[in-house]
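Undergrad: Before I ask anything, let me first share the structure, which is written out below as structure tokens.
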Amino acid sequence: MSPSISLTINGEARAVALDDPRVTLLDLLRERLDLPGTKKGCDRGQCGACTVLVDGRRVNSCLTLAATLDGAEITTIEGLALGEELHPVQAAFIENDAFQCGYCTPGQIMSAVGLISEGSAGDDPERIREGMSGNICRCAAYHGITIAVQEATRNMIRTDKEDAA
Amino acid sequence: MTLHRPESLDEALSLLGGGAVVLAGGTDVYPGLRDGPPPSRMVDLTRVAGLRGISLRDGLWRIGAATTWTDVLRAELPACFAGLKGAAREVGSVQIQNTGTVAGNICNASPAADGVPALMALDAQVEVAGPEGPRRVALEQFIRGPRNVDLRPSEIVSAVLVPEATGQGAFRKLGARKYLVISIAMVAAVVEVSGNAISRARVSVGSCSPVAVRLRGLEEALTGATVAEVPGIVAGADLPGLTPIDDVRASAAYRREAVRTLIARTITDAMEVRDVT
């Protein structure tokens, strides 16, 4: 049996036939849908490099079977920027040197976007570190990552207020 | 292999047996899938109506089998659940908490399952659905050993049930780092205080025996204790239920020593915390 699923990926509706129902969302994105920005690190939920948003919630795409996502909305690192305009989290990562080798960075950024929308950490560095603890950085850029998430959180709150005004 | 996504409990039950693998969040199931031959079929419970969420009825809290750890964290629950919420915050990472379920944590039956001590301290029961109708079994009986639960191939866990209770919960986990780590030891407690002394304590320890255990002898010894007396009582207690082993995370000797400190701190946490957010 080859199940077919409908997904909205970065705002674009896609119909995907799955030749193997065991395919993970991570492999689907990278191998089939030409979206290699999502990285494969440990492939078992321990590193966070594969973090994407499914219906707005951050999940490990390596621990998500694509076949269980029929009708879901997926956001990957490729879907954050508006053309040439970086997402505030992307801009804050660059501004604060929140990476070294960059391999974990797409996952870090997607996790930070999820964390900020959860709204439970605010700009408290301890809560940010807890909320980002599912994303490991082997270059240990954690200090910059925490500052970047703090800054992006403040910038996004400010923008929201301006938009509301 | 085929994947089924039933929308009712009856439909889910009709798909069981014959090597079918049941999954909800899948965070424990998927890593295992890559290491062996695929199962004949998988049954995803996340679309089954009424299986997700937490509700209170007739003195019993019901945590549906598809309820995630994030759902637990966001639910408004009484103070005795603070230990379960503490465990919810330390299961894997937020990415795992967003998909992994309470019931899955129990069914996976790891000796290091973060949710189990907290649920044992709450006297949780497991509601099992099967062809002969539902049955209930105490969590302490449900988990028979590592990766071994009281569940027939024709059955699934439909909910975890917790009797309404007063008291304050607490949870502490000891690991090599704070988050995203498998426990060296963990302790959950639910403590009721009258005046300044314990009137009832329920204490459970995980990662120090094949299955998490309640420390009933210690619980009795703690009755009447003040905060100041707790460390001495814990230090001198006989804890026959704890049989820690040497493994990659810690030695048995380290666990045996560290767990007493962890127990005393968890109990005093529960005695001192009055407001839980």
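Sequence order for the protein chains is G and H. Using the UniProt record's numbering, the final residue of the first sequence is 165, and nothing's skipped along the way. Using the UniProt record's numbering, the final residue of the second sequence is 277, and nothing's skipped along the way. Don't be surprised by glycine CBs; every beta carbon is placed ideally from N, CA and C.
Just reading off the alpha helix (DSSP H) that glycine 114/G is part of, what are its end residues?
TA: 105-118 is the span of the alpha helix (DSSP H), which, as asked, contains glycine 114/G.
Undergrad: Got a sec? Which residues, its chain only, sit under 6 Å from valine 29/H by beta carbon, not counting five neighbours each side?
TA: The answer, listed in chain order, is Leu23.
Undergrad: Any beta carbon of chain H sitting closer than 8 Å to that of alanine 141/G?
TA: No, its Cβ sits nowhere closer than 8 Å to a Cβ of chain H.
Undergrad: Along the alpha helix (DSSP H) that carries asparagine 105/H, what are the first and last residues, could you check?
TA: Taken as a continuous stretch (DSSP letters only), the alpha helix (DSSP H) holding asparagine 105/H covers 102-108.
Undergrad: Which of the three DSSP states, helix, strand or coil, is assigned to histidine 143/G?
TA: Correct three-state label for histidine 143/G: helix.
Undergrad: Roughly how many whole angstroms lie between the Cα atoms of arginine 144/H and alanine 270/H?
TA: Arginine 144/H and alanine 270/H: Cα-Cα distance of roughly 29 Å.
Undergrad: Where do the ends of the alpha helix (DSSP H) carrying arginine 129/G lie?
TA: Looking at the DSSP string, the run of the alpha helix (DSSP H) that includes arginine 129/G is 125-131.
Undergrad: Of all the residues that make up the region 123-135 of chain G, which are near chain H by a beta-carbon distance shorter than 9 Å?
TA: For the region 123-135 of chain G, which is checked against every Cβ of chain H, the residues closer than 9 Å are Arg129, Glu130, Gly131, Met132, Ser133, Gly134, Asn135.
Undergrad: For leucine 18/G and alanine 65/H, what's the separation of their Cα atoms in angstroms?
TA: Straight-line Cα distance between these residues: approximately 28 Å.
Undergrad: Within this structure, are the beta carbons of leucine 119/H and valine 72/H separated by less than 8 Å?
TA: In this structure, valine 72/H does not lie closer than 8 Å to leucine 119/H by Cβ.
Undergrad: Could you spell out where the beta strand (DSSP E) holding isoleucine 182/H opens and where it closes?
TA: First-last for isoleucine 182/H: undefined, no H or E at that position.
Undergrad: Could you tell me the boundaries of the beta strand (DSSP E) in which arginine 216/H lies?
TA: Segment 216-222 is the alpha helix (DSSP H) holding arginine 216/H; no beta strand (DSSP E) there.
Undergrad: Under 8 Å between C-beta atoms, does lysine 178/H make it to chain G?
TA: Taking Cβ atoms only, chain G reaches closer than 8 Å to lysine 178/H, which makes this a yes.
Undergrad: Taking C-beta to C-beta, are aspartate 59/G and asparagine 105/H nearer than 8 Å?
TA: The identity of residue 59/G in the sequence shown is valine, whereas the question assumes aspartate. For valine 59/G and asparagine 105/H, no; Cβs fall outside 8 Å.
Undergrad: Can a CB atom of chain G be found closer than 8 Å to the CB of isoleucine 96/H?
TA: Cβ-Cβ to chain G under 8 Å: yes for isoleucine 96/H.
Undergrad: Have a look at Leu215/H, Gly224/H, Arg214/H, Arg260/H and flag the residue whose alpha-carbon is nearest the alpha-carbon of proline 231/H.
TA: Cα-wise, what sits closest to proline 231/H is Arg260/H.
Undergrad: What residue range is occupied by the uninterrupted beta strand (DSSP E) comprising proline 163/H?
TA: Run containing proline 163/H: 156-163, per the beta strand (DSSP E) assignment.
Undergrad: Taking 8 Å as the CB-CB cut-off, is valine 276/H touching chain G?
TA: In this prediction, valine 276/H scores a pLDDT of 43, lower than 50, which makes its location untrustworthy; no coordinate-derived value is stated.
Undergrad: Under a CB-based cut-off of 8 Å, is glycine 48/G close to chain H?
TA: Output row for glycine 48/G: interface = yes.
Undergrad: Can you grab the Cα-Cα spacing for the pair alanine 82/H / glutamate 31/G, in whole Å?
TA: For alanine 82/H and glutamate 31/G, the distance between alpha carbons rounds to 43 Å.
Undergrad: Consult DSSP for serine 55/H and reduce its assignment to one of helix, strand or coil.
TA: Strand, per DSSP.
Undergrad: Report the neighbours of serine 8/H on chain G: residues whose CB is nearer than 8 Å to its CB, in chain order.
TA: Ordered by position in chain G, no residue passes the 8 Å Cβ test against serine 8/H, which lies about 17 Å from the chain.
Undergrad: Taking the straight line between their C-alpha atoms, what separation do you get for aspartate 275/H and leucine 26/G?
TA: The predicted position of aspartate 275/H is uncertain, since its pLDDT is 44 and thus under 50; no value can be drawn from it.
Undergrad: Exposed or buried, which one is glutamine 95/H when buried takes at least 16 other CB atoms within 10 Å?
TA: Glutamine 95/H should be labelled buried.
Undergrad: Would you mind sorting lysine 161/G into buried or exposed? The rule is 16 or more other CB atoms within 10 Å of its CB.
TA: Lysine 161/G comes out exposed.
Undergrad: Can you check DSSP and say which residues form a bridge with arginine 47/H?
TA: Bridge partners of arginine 47/H: none, in fact.
Undergrad: Does arginine 152/H pass the burial test, meaning 16 or more other C-beta atoms within 10 Å, or should it be called exposed?
TA: Exposed: under 16 other Cβ atoms inside 10 Å.
Undergrad: Using CA atoms only, rank isn't needed, just tell me which of Glu95/G, Tyr103/G, Asn96/G is closest to isoleucine 77/G.
TA: When each option's Cα is compared against that of isoleucine 77/G, the closest is Tyr103/G.
Undergrad: Residues in its own chain within less than 8 Å of glutamate 7/H by CB, not counting five upstream and five downstream?
TA: If we look at glutamate 7/H and ignore the five residues flanking it on each side, its Cβ neighbours are Arg47, Val48, Ala49.
Undergrad: Going by beta carbon distance, what residues of the same chain come within less than 6 Å of valine 149/G, once the five residues before and after it are set aside?
TA: Only Ala112, Ile128 meet the Cβ criterion.
Undergrad: Classify asparagine 108/H: buried if its beta carbon has 16 or more other beta carbons within 10 angstroms, exposed otherwise.
TA: It is buried - the Cβ of asparagine 108/H has at least 16 other Cβ atoms within 10 Å.
Undergrad: I'd like to check one pair, threonine 68/H with glycine 100/H: are the Cβ atoms closer than 8 Å?
TA: For glycine 100/H and threonine 68/H, yes; Cβs fall inside 8 Å.
Undergrad: Kindly say whether residue 170/G, judged by its beta-carbon, lies nearer than 8 Å to any beta-carbon of chain H.
TA: Nothing about residue 170/G can be reported from this structure: the residues present for chain G run from 1 to 165 only.
Undergrad: Taking the Cβ atom as the reference point for each residue, do serine 154/H and glycine 19/H lie within a distance shorter than 8 Å?
TA: No; because the gap between Cβ atoms is not below 8 Å, this pair is not in contact.
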